[in-house]
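Residue numbers (the UniProt record's numbering): 1 to 1208.
Glycine is no exception: its CB is placed at the ideal position from the N, C-alpha and C atoms.
First comes the structure, then the notes that go with it.
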């Protein structure tokens, strides 16, 4: 039985536990029930402290009750009153064992009181405690129980507590109650219903605290203002402080130290931990000495909240040695570097709330409930949550502000927030900004206003040229949680960006011309058109074109002498331009309307010059001395005739002249640009040549000449460009490459697409109209040797009029080549050397209308496209065997392919090539183990189950995803011309959707491998046929096919249902796009191996949908087949290149067996032919084969590889 002040239930294991009792009192009734314990409990009750004490009515000899054990668990504190006869009660001792267990497991605080006994008597079990244990030893033979009692007594007696001795009980009890009351003060605040998302954060922080260890730890919590650092620290303090000998929460260190000095805070720490009321520290040094000497032997818990200077931390917790073993010091700050400089043990970075947590917190504040908001408020709530970007401070402030207001008031408030930031949020965030140096403030404002989500190196380069020392400046901002880096890009929280823009706006609220930075379109228009810009303006940054063009006077920029960054669109000075600041570092003027830059413009620190789509004819006359200039971009400046003299820009790294269609001359000084890395001359259609000597381009990595149709020759010394990695000379007039090209050892990408010389002038105008089917009689001469291009990964020889024998025989030596395009050529067959390209993954041979057959292809092929190869009649016998990853095969409009091989002979090998290895390895493993484990059938069955698991792993290795696909993409995708669904697909329907049910025990069938789907689409007459038109007024009548772009989206949706059919276990949609012209029936095949979504065991129903978007094809039929091990064909090809080491979790024995099995299958012996389905096996090995088949049947009940099925 028990007497308690409040009914209770079970204890909680939550991170923020709710205790039913504040104090559990353990005592010996006959000693203290009617005196000391009674007075103590009455005093606790009077203070409102909920107390549980065990009652006298427990019968002697009965074990301690479960209710009493639960009461101990449900109490935050346990007070143990040790008296002379305490140890004589087995109930008391059992209580004590449970109390010690709770102390260790859930952090319960145990407070011993020594009433008429000394701690030494309890610790050593001497005196009356010794006599009690002598009696226990006589009455019980349970030595283990006695040891538990002794251990519990020793551990609790070692804790800090109270000893009555000769003191007055009333005073003694008053001290105890005050101490317990003090320890409970903070506990009430931690049970806070407003805390959303706190559990996961406390779990992360728990591991940092390491509460079980005796080392002294200083833990830092850092993050931006308002993210919840203080809240987390407060909860941790409330949760753990009572476990320490002393504790103190020092709040607002930054603010208090500024107003009252650090000595005041030192006094607080001493006073609260040592419970001394009149502590007087007038000197910080004295305070340091005081803390160090008075606390070095005490296990303390201290929170130092909101520090912003290292001197604060050094004065309050300067060294670990200041505090006793097991002490924990938590420091919260916005400045991570402060923590690093002090050498804290662990830094925890506070996180913002995710979308769900943010909506809950906002709902709690705005609607006083955690459920999602009412329907009319849902969209507005989501917008505000998006605005807050997970910052708890903003969610609480805005939620509280909007609570009880109407929908219209919400809309008005949200609109106001877009223009004017909330003052309370603004003031909190601005604290971090105010603590920055002036140059760091400039960096922060630039990044926040203009460079959010920009690459770190690009921003660093811009800030460096502005003399802002960004390497250290950005680091400081990161440390102070004002910016962060993600994926090598700078990120500023949306509310910090808003705060930064608010700071700029406050510089001159009414006159934007007096602000340092302009980014709003209307402000830019106003300043430029009214000529109100002043020397205060440093940056004009127009991110996107405005609604209309801006017309300004010639002196619009005259007063902006400090302008360093200028980015504008479609601004037109009416009478030229008088002035541009010579302090400009970035000049980006889209649609620049003048023929050249102003003569007075001498921006010696200019880094980037971007005048795309401009009217520039000549950038500058003579020599411009711009030593800092690294980038010139004049793309699509159609009036540009010649490039300027580059002598004055020796550090130029990137020159972009793409689309300068009238450019015909490149200044010879371009060859002296030794730092040039990137040169883009795409679509400079009138450019006739490059400088004959380009050996000065020692740093050039990318040279793009695509579409320079009048360029008919490349420099002979092209091979001297030792750093060149990409060369694109597609659609130029060249017919051969210089021999030196083979010396480009670092070249990775090479394109000769469309290189077949120039047509004669009378016909040249027709070139843009001609589709691929109308060939040019000229052709490109591929270099006779390619082997020197040892780094080449991509090669494009499409549309070069190549015929048989045009490709060098050493093509197969390009060991790094992964992508090869031979489309739109005149091949009848491809060279056999393609099979030697060991790294080749992607091969395109589209629109090769004379191509009849493909050679054997490399084992790593992932993607093969032969679309519109109308003469193609044969595919390789095995497509991409070995360890190839997921694949896409496309054979649209290959009419003869189906005619010559039939649907089954094209589709089924593609599936079975994926599976043929699995059956062989499985059989070999089982057979080998059977020979070794025949004495124990249980071992065999266990081994078979393990092997089947390994087979699935092996299948996923063989069918792993394409590198750029999401992890749950299908592993085989095939599109080809065809007439019908093969009979192998046992479920077929003319409906575009179907549902099938697997057999009841499918999930225990280890032979299940996956699902195969197929759909057929019928060609609909001449809807998509190309039209033809006759062209007149030319010397010879010509019929020209008009080109059209066609795109088909094949969509496939499938669902996995449970037994009830209406419960979706998984849903997924796949879309595959193909740009081609349909002129025949099409088949589409997709294989989903047993992996990820298919491995869910609680589904039995499969529902699938097929859709097609695009004209010319119509859905006809679809089919499905569940794939089992018995569908596997036996072959050897997939062993080539198999890396067994990928199965690292095989046992050593199994690994050896597997290696042996693979080796045997790579070199099959005559007596094994029956396992490969070879009809010749009957004469020499028939008997043996039958025995093996019988054995296999006996040990493999799940996979029925019998008679006819084996031969299949």
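Excluding five sequence neighbours on each side, which residues of the same chain lie with their C-beta closer than 7 angstroms to the C-beta of residue 110?
-> 78, 80, 99, 103, 156, 159
Those residues which DSSP pairs with residue 1018 across a bridge = 1114
Residue nearest to residue 850 in terms of C-alpha spacing, selected from 894, 814, 649 = 894
Collapsed DSSP secondary structure at residue 29 in the structure displayed | helix
Inter-stretch contact at 8 angstroms, needing at least 3 Cβ pairs: the segment 172–187 / the segment 127–135 = no
Length of the line joining the Cα atoms of residue 54 and residue 432 = 55 angstroms
Out of 1121, 590, 890, 603, point me to the one whose CA is closest to residue 997's CA.
-> 1121
Roughly how many whole angstroms lie between the Cα atoms of residue 43 and residue 173?
-> 8 angstroms
List the whole-angstrom C-beta distance separating residue 381 from residue 493, where the pair is believed to meet the contact cut-off of C-beta under 8 angstroms.
-> With 8 angstroms as the limit, residue 381 and residue 493 do not qualify as a contact, their Cβ atoms being about 20 angstroms apart.
Exposed unless 16 or more other CB atoms sit within 10 angstroms - verdict on residue 466 = Burial is judged here by how many other beta carbons sit within 10 angstroms of a residue's own beta carbon; residue 466 has at least 16 and is buried.
If residue 470 sits next to residue 443, beta carbons under 8 angstroms apart, how far is it from one beta carbon to the other, in whole angstroms?
-> Going by Cβ atoms, the distance from residue 470 to residue 443 rounds to 6 angstroms, so yes, they are a contact pair.
Contacts around residue 598, its chain only, beta-carbon distance under 8 angstroms, and the 5 residues preceding and following it disregarded | Within the same chain, Cβ atoms closer than 8 angstroms to the Cβ of residue 598 are found at 576, 577, 578, 579, 580, the five residues on either side in sequence being excluded.
Residue 889 and residue 1015 look like a contact to me (Cβ under 8 angstroms); what is the Cβ gap, rounded to whole Å?
-> Not a contact, Cβ separation roughly 15 angstroms.
Have a look at residue 601 and residue 677 and give me their C-alpha separation to the nearest angstrom.
-> For residue 601 and residue 677, the gap between their C-alpha atoms comes out near 26 angstroms.
Assigned secondary structure, residue 628 (DSSP; H/G/I helix, E/B strand, else coil) = Of the three classes helix, strand and coil, the one that applies to residue 628 here is coil, per DSSP.
Identify whether residue 37 lies in helix, strand or coil by the three-state DSSP scheme.
-> helix
Determine the burial state of residue 259: buried for a count of at least 16 other Cβ atoms within 10 Å of its Cβ, exposed for fewer.
-> exposed
Of all the options 440, 709, 707, 742, which has the alpha carbon lying nearest to the alpha carbon of residue 716?
-> 742
By a C-beta neighbour count over all protein chains shown, 10 Å radius and 16 as the cutoff for buried, is residue 139 buried or exposed?
-> exposed
Backbone secondary structure at residue 545 - three-state DSSP | coil
Are the segment 84–93 and the segment 211–227 in contact at 8 angstroms, needing three or more beta carbon pairs?
-> no
Please say whether residue 350 and residue 303 have beta carbons closer to each other than 8 angstroms?
-> No, the Cβ-Cβ distance between residue 303 and residue 350 is not below 8 angstroms.
Taking buried to mean at least 16 other C-beta atoms within 10 Å of its own C-beta, is residue 257 buried or exposed?
-> buried
Pick out the complete beta strand (DSSP E) segments inside the segment 646–722, 3 residues or longer, and give them in chain order.
-> Secondary structure in the segment 646–722: the beta strand (DSSP E) runs of 3 residues or longer, each lying completely within the stretch, are 654–656, 678–680, 702–704 in chain order.
Would you report the Cα separation of residue 711 and residue 838, rounded to the nearest angstrom?
-> Computed Cα separation, rounded: 35 angstroms.
Under three-state DSSP, which class holds residue 856?
-> coil
Going straight from the alpha carbon of residue 795 to that of residue 876, what length do you get?
-> Residue 795 and residue 876: Cα-Cα distance of roughly 22 angstroms.
Where residue 465 sits in the DSSP three-state scheme = helix
Compare the beta carbon distance of residue 414 and residue 459 with 8 angstroms and say whether it is the shorter of the two.
-> At the C-beta level, residue 414 and residue 459 stay beyond 8 angstroms of one another.
Excluding sequence positions up to five away, which residues of its chain have a Cβ less than 8 angstroms from the Cβ of residue 422?
-> These residues qualify, in order along the chain: 394, 397, 398, 401.
Those runs of the beta strand (DSSP E) which lie wholly inside the segment 276–332 and span at least 3 residues | 300–307
According to DSSP, which residues form a beta bridge with residue 493?
-> Answer by DSSP bridge pairing: none, since residue 493 is not bridged.
Could you check which residue in 787, 821, 436 has the C-alpha nearest to that of residue 744?
-> 787
Segment contact, 8 angstroms Cβ cut-off, at least three pairs: the segment 469–483 with the segment 502–520 = Pairwise C-beta distances place the segment 469–483 out of contact with the segment 502–520, as fewer than three of them are shorter than 8 angstroms.
Taking three-plus beta-carbon pairs below 8 angstroms as touching, is the segment 325–336 in contact with the segment 352–368?
-> no
Bridge partner(s) assigned by DSSP for residue 793 | Beta bridge pairing from DSSP links residue 793 with no other residue.
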